[in-house]
Structure formats: C-alpha cells, structure tokens
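Asks: Following this note's numbering, the numbering of the sequence shown begins with 1 at its first residue and continues without gaps.
For each residue, glycine too, the CB sits at the ideal point set by N, CA and C.
Here's a structure for you.
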Amino acid sequence: MMLHLYRRAQGVFASAVMRPVESRAAYLDGACGNDAELRREVESMLASREAASEGFLESPAVAEMESVARVVGARQPLSRGVRQFWRGARVNGAVIP
Numbered sequence: 001m002m003l004h005l006y007r008r009a010q011g012v013f014a015s016a017v018m019r020p021v022e023s024r025a026a027y028l029d030g031a032c033g034n035d036a037e038l039r040r041e042v043e044s045m046l047a048s049r050e051a052a053s054e055g056f057l058e059s060p061a062v063a064e065m066e067s068v069a070r071v072v073g074a075r076q077p078l079s080r081g082v083r084q085f086w087r088g089a090r091v092n093g094a095v096i097p
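Structure below.
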C-alpha cells in the first residue's frame, strides 16, 4: 500500500472509530467517496479492531491470577503477602487494586 493511502486510511479510521457503529457506513460513504481501495483498508482496520476487542477481559484478571497462584503455590508455598497480592482486596464483591 502506498504511504499516502495508508495515511488517509489512518485518518478516516480514527474518525470512524469515534462514531457509533450504526453510523459508520454512512460516514465511510462520505469520507471514502468512490475510492474503493481506501474503503476496503478502513473497513479492514475497523474489523481488526473489533476482532481484537472481542472477549477482552471476559474473565476477571484476578480470577486468572488466583488460578496461576494455585499452580505456583502447589509447587512452592506462597508467603502471606504474596497470597494477599494475588487475591486482591475485595469490597462488596469488587476488586480494589
């Protein structure tokens, strides 16, 4: 891809990603006009962003750390301070860093 097309695609992508999903197609119609290559590139960038965010933090990180701590603890006992670090402080079910 040529540099100027990539730079244009980045600009259109940055504006498109800030818009509600429902209005992106209309925005891309205006921003890309009849430049099919630009439109394909921006749509590819948007699809990649959506795919990367799917499932992100589906399970809480603390739960993952606790399972790692159990495995590590099975091999070597953890000190009290390390166990508290892995578990985190909980207030009304929420994890407080």
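#1: Short check: CB of L3 to CB of L38, under 8 Å?
#2: F13 to N34, Cα distance in whole Å?
#3: Alpha carbon to alpha carbon, how far is A26 from A52?
#4: How far does the alpha helix (DSSP H) with D35 in it extend, from its first residue to its last?
#5: Determine the contact status of E49 and V21, defining contact as a CB-CB distance below 8 Å.
Replies: A quick look at the data gives this:
#1: For the purposes of this step, residue 3 is taken as residue 3 along the sequence shown, with counting starting at 1. For the purposes of this step, residue 38 is taken as residue 38 along the sequence shown, with counting starting at 1. It is not a contact, given that the beta carbons lie outside the stated cut-off.
#2: The count along the sequence shown starts at 1 and reaches residue 13 at position 13. The count along the sequence shown starts at 1 and reaches residue 34 at position 34. One C-alpha to the other measures close to 16 Å.
#3: As a working note, residue 26 is residue 26 in the sequence shown. As a working note, residue 52 is residue 52 in the sequence shown. Near 23 Å, if we compare the C-alpha coordinates of A52 and A26.
#4: Translated into the one-based positions of the sequence shown, residue 35 becomes position 35. Per DSSP, D35 belongs to no alpha helix (DSSP H) and is neither H nor E.
#5: For the purposes of this step, residue 49 is identified with residue 49 of the sequence shown, where counting begins at 1. For the purposes of this step, residue 21 is identified with residue 21 of the sequence shown, where counting begins at 1. First, the amino acid is wrong: residue 49 is Arg here, not Glu. Cβ distance not < 8 Å, so R49 and V21 don't count as in contact.
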